[in-house]
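Protein chains in written order, with this note's numbering: chain A, 5 to 194; chain B, 5 to 194.
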């Protein structure tokens, strides 16, 4: 049975992006500090984790703003190499970038999840951000696993990942915490 | 040379206390979930960490609200067993509880730190919360080590530890991350 996973990098002060998100700063100002562990500064362990996540994943669910800002950076193959379900309020035809297909879903997060599960088959569905859709899935208790990459930086300001979660507390189990100089990679289950 | 350490438990969503802090809920509603790792649910590793912090510490710096609310719970020995420097706006005589002395400091956070260092001798000074004084020390860059006990719970609301930190980003080094089912204990240095 495919699992539904949240996969996201946050700063020590809980921001998933910096301020002033836009074409100039797709991750917000200083937001690139949150993804150093995946790129130039990556250790072998960081790289292995990053690769593992992709090989076990059969479909992504993404927010529309993230896709709008990311597309120019994701190249001709669309980066993901699998079906991506994009939550939006405005219908839009499927966008194909090499092996990546972006399906724009207008009938809500549960429909997006059902379609992503169908597309993923035996593999997992990853909710890849941003903060708004993450909060919606968390509130409905639809996420089985949280993979939080906690980056050792205080951004000071930006978009908080865990916000607007009235109706909590909710306790999780810690499955594993893997530590590199770039990030503490923590796996939680509900 | 004594080091200045921040030592604090936070939820996965970054809260150091729940809402409605007061005599009924000294840690705010559900705030007790943040300290399970130190008490009944503690594993051997949690207990060892908790003991180590006390044996290497020569003085604490605490916020006034924390002390006001904590005193009734801290018993006749005052819990800390060493000098505690309490930041406040109102002068107050020294309060002695067995081996613990609470000194009320009215001339600012740098004076409190100097006095705590003098009292600690070769041992370390620990900033033990709450959020407000932590933010003041962080902004001035006066903290050498951050010991964050990240508890696997989303509280949903409360007092955020890392807030009001305009003027950042600031990157830290991760020295160690120790994982138990109760908390991920992460040691950062500036």
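Idealized CB from N, CA, C, for every residue including glycine.
From a predicted model like this one, the values you see are computed outputs, not experimental measurements.
Length of the line joining the Cα atoms of residue i and residue j
| i | j | result |
| --- | --- | --- |
| residue 174(A) | residue 29(B) | 18 Å |
| residue 76(B) | residue 32(B) | 16 Å |
| residue 133(B) | residue 25(B) | 14 Å |
| residue 102(B) | residue 71(B) | 16 Å |
| residue 67(A) | residue 136(A) | 8 Å |
| residue 100(A) | residue 111(A) | 21 Å |
| residue 104(A) | residue 80(A) | 9 Å |
| residue 87(B) | residue 97(B) | 14 Å |
| residue 165(B) | residue 164(A) | 13 Å |
| residue 141(A) | residue 93(A) | 17 Å |
| residue 83(A) | residue 69(A) | 16 Å |
| residue 58(B) | residue 85(B) | 9 Å |
| residue 78(A) | residue 143(B) | 37 Å |
| residue 43(A) | residue 156(A) | 16 Å |
| residue 1(B) | residue 56(B) | Absent from the model: residue 1(B). The displayed extent of chain B is 5 to 194, so no value can be given. |
| residue 113(A) | residue 131(A) | 11 Å |
| residue 36(B) | residue 36(A) | 35 Å |
Contact check, residue i vs residue j, beta carbons under 8 Å
| i | j | result |
| --- | --- | --- |
| residue 192(B) | residue 176(B) | yes |
| residue 27(A) | residue 91(A) | no |
| residue 184(B) | residue 50(B) | yes |
| residue 12(A) | residue 154(A) | no |
| residue 158(B) | residue 172(A) | yes |
| residue 45(A) | residue 181(B) | no |
| residue 167(A) | residue 194(A) | no |
Close-in-space but distant-in-sequence residues of the same chain around residue i (CB under 6 Å, 5 per side omitted)
| i | result |
| --- | --- |
| residue 89(B) | 65, 107, 109, 116, 119, 120 |
| residue 95(B) | 110 |
| residue 53(A) | 189 |
Contact set for residue i: own chain, Cβ-Cβ below 8 Å, skip 5 residues either direction
| i | result |
| --- | --- |
| residue 129(B) | 6, 7, 8, 9, 61, 62, 63, 64, 65, 117, 120, 121 |
| residue 161(A) | 19, 22, 23 |
| residue 48(A) | none |
| residue 178(B) | 190, 191, 192 |
Cβ-Cβ separation, residue j to residue i (assumed contact under 8 Å), whole Å
| i | j | result |
| --- | --- | --- |
| residue 169(B) | residue 17(A) | 7 Å |
Residue i CB to nearest heavy atom of the ligand NAD below 7 Å
| i | result |
| --- | --- |
| residue 165(B) | As presented, the structure is devoid of all ligands, the ligand NAD included, so that no description of it is given. |
Cutoff 7 Å; reference residue i; Cβ partners in own chain excluding five residues on either side
| i | result |
| --- | --- |
| residue 40(A) | 186 |
| residue 34(B) | 22, 159 |
| residue 148(B) | 7, 8, 9, 193, 194 |
| residue 127(A) | 6, 60, 61, 62 |
| residue 123(B) | 62, 63, 87 |
Cβ of residue i within 8 Å of any chain C Cβ
| i | result |
| --- | --- |
| residue 34(A) | Of the protein chains in the structure, A and B, none is chain C. |
Item to complete: Identify every run of the alpha helix (DSSP H) within the stretch 136 to 176 of chain A, keeping only runs that are complete inside it and at least 4 residues long; order them along the chain.
Response: none
Fill in: Every unbroken beta strand (DSSP E) inside the stretch 65 to 140 of chain A [3 residues or more]
87 to 91, 99 to 101, 104 to 109, 128 to 131
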